[in-house]
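Numbering of the sequence shown is given in my numbering, commencing with residue 13 and proceeding in unit increments.
A quick write-up on the structure given underneath.
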Amino acid sequence: MDITQLLSKSAKKAENGSVAEPKTLPSIKKPNGGRCKVTGSHLVSCLPPKDDFKAFFEEHLQNDNKKIKVAAFDMDDTLICTRSGIKFGRGPHDWKFRTDTILPVLQQKIAVERYLMVIFTNQGSISVSENLTQTSKSYRNFTIKITQILTALDTTLKGAPVLVFAASGRPGRSHTMRSGEEEHFHTRKPQTGMWEALETYLRGALGDEYEVDMEKSLYVGDAAGREGDHLADDRNFAKNVGLYYEVPEDFFLE
């Protein structure tokens with residue numbers, strides 16, 4: 013059975029309510045606004061402490077071949093959309109899960125099949141740098157929103173961690189720790205900088221002997237270059253990284 017059939021089979025189980033109830037997983041220290049980190053001015057990451065992630069991984073995701081199955085997702089218009097219907101929303105509380113199928117399918121993939129969930133999102137509206145996190149309204153709003161999303165996912169995913177990487181916009185010259193144009197370019201999808209940041213985190217938490225299982229890992233995002241899509245950044249990101257790709261409508265059986 014190829015990967016397309018596997019994904020379709022697991023998603024149909026989730027939709028039909030026939031998914032076996034996973035055992036409750038122990039809570040770990042989860043990412044929240046206080047745990048988000050800014051690298052230069054080009055990357056915001058919201059990640060569990062490495063020791064906590066390692067403990068969770070060794071108990072629940074470890075396998076003999078030391079490979080990590082990753083289920084990665086775009087955020088806006090893939091996992092969530094605005095409640096108001098306005099394209100870019102009215103603040104950090106203006107969001108909802110995009111369809112009713114999203115949570116059951118995620119539970120099957122993450123809590124039952126034991127994939128590691130990762131979010132990769134381009135957030136050009138965030139203007140922040142390492143030394144100005146306290147004064148950036150756009151950064152504060154993003155951390156509020158991502159905390160709400162992770163909290164909403166927590167029960168569905170039975171305590172499994174979600175790793176978040178966001179490519180932020182390049183701020184003005186007043187930001188003394190501003191990253192270069194090349195760093196910002198390389199971090200934004202469809203470039204591979206956020207994926208490389210994930211690999212660096214996993215090596216730091218688990219050791220060099222672990223690697224992502226590229227044959228089983230996948231990426232879901234709405235920017236596929238279809239008629240009506242604003243870009244093809246998600247499809248091209250998956251291609252550049254080497255991941256199996258699906259649009260949300262197919263993966264979440266809409």
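By construction, the Cβ of each residue, glycine as well, lies at the ideal position given by its N, Cα and C atoms.
CB-CB length for residue i against residue j, believed under 8 Å
i           : j           : result
residue 90  : residue 233 : 5 Å
residue 212 : residue 205 : Not really, about 10 Å apart at Cβ, beyond 8 Å.
residue 161 : residue 92  : 7 Å
residue 133 : residue 86  : 6 Å
residue 68  : residue 173 : 6 Å
residue 175 : residue 210 : 7 Å
Alpha-carbon to alpha-carbon, residue j and residue i
i           : j           : result
residue 24  : residue 83  : Bear in mind that a pLDDT of 45 at residue 24, under 50, signals an unreliable position, so the model cannot answer this.
residue 130 : residue 151 : 19 Å
residue 222 : residue 191 : 30 Å
residue 235 : residue 250 : 11 Å
residue 101 : residue 154 : 12 Å
residue 8   : residue 185 : There is no way to answer for residue 8, as the model of the chain reaches only from 13 to 266.
residue 47  : residue 141 : 15 Å
residue 148 : residue 139 : 7 Å
residue 238 : residue 203 : 19 Å
residue 35  : residue 121 : Only weak support is given to the placement of residue 35: the predicted model assigns it a pLDDT of 46, under 50, and the value that follows is read from those uncertain coordinates. Residue 35 and residue 121: Cα-Cα distance of roughly 14 Å.
residue 257 : residue 247 : 7 Å
residue 113 : residue 59  : 26 Å
residue 225 : residue 65  : 18 Å
residue 145 : residue 137 : 14 Å
residue 228 : residue 197 : 28 Å
residue 75  : residue 128 : 13 Å
residue 244 : residue 252 : 12 Å
residue 11  : residue 156 : Because residue 11 is not part of the residues shown, which for the chain are 13 to 266, the question remains open.
Terminal residues of the alpha helix (DSSP H) in which residue i lies
i           : result
residue 117 : 114-118
residue 145 : Unbroken run through residue 145: none, as it is neither H nor E.
residue 65  : 62-72
residue 51  : No alpha helix (DSSP H) contains residue 51, which is instead part of the beta strand (DSSP E) from 48-51.
residue 261 : 260-263
residue 250 : 245-253
residue 196 : 193-199
Top-ranked residue by Cα proximity to residue i, from the options
i           : options            : result
residue 108 : 96, 178, 252       : 96
residue 169 : 132, 117, 196      : 117
residue 54  : 244, 114, 105, 201 : 201
residue 261 : 231, 248, 252      : 231
residue 125 : 113, 187, 80       : 80
residue 181 : 194, 174, 171      : 194
residue 72  : 187, 103, 123, 88  : 123
residue 177 : 164, 135, 145      : 135
residue 62  : 240, 98, 214       : 214
residue 49  : 164, 245, 143      : 143
Residue i: CB within 7 Å of a non-hydrogen atom of the ligand ATP
i          : result
residue 56 : This structure lacks the ligand ATP, and indeed carries no ligand of any kind.
First through last residue of the beta strand (DSSP E) which encompasses residue i
i           : result
residue 175 : 174-181
residue 57  : 55-58
List in chain order: all unbroken alpha helix (DSSP H) runs of 4+ residues lying wholly within the region 203-242. 205-218
Within the region 77-135, note down every full alpha helix (DSSP H) run reaching 4 residues or more, in order along the chain. 114-118
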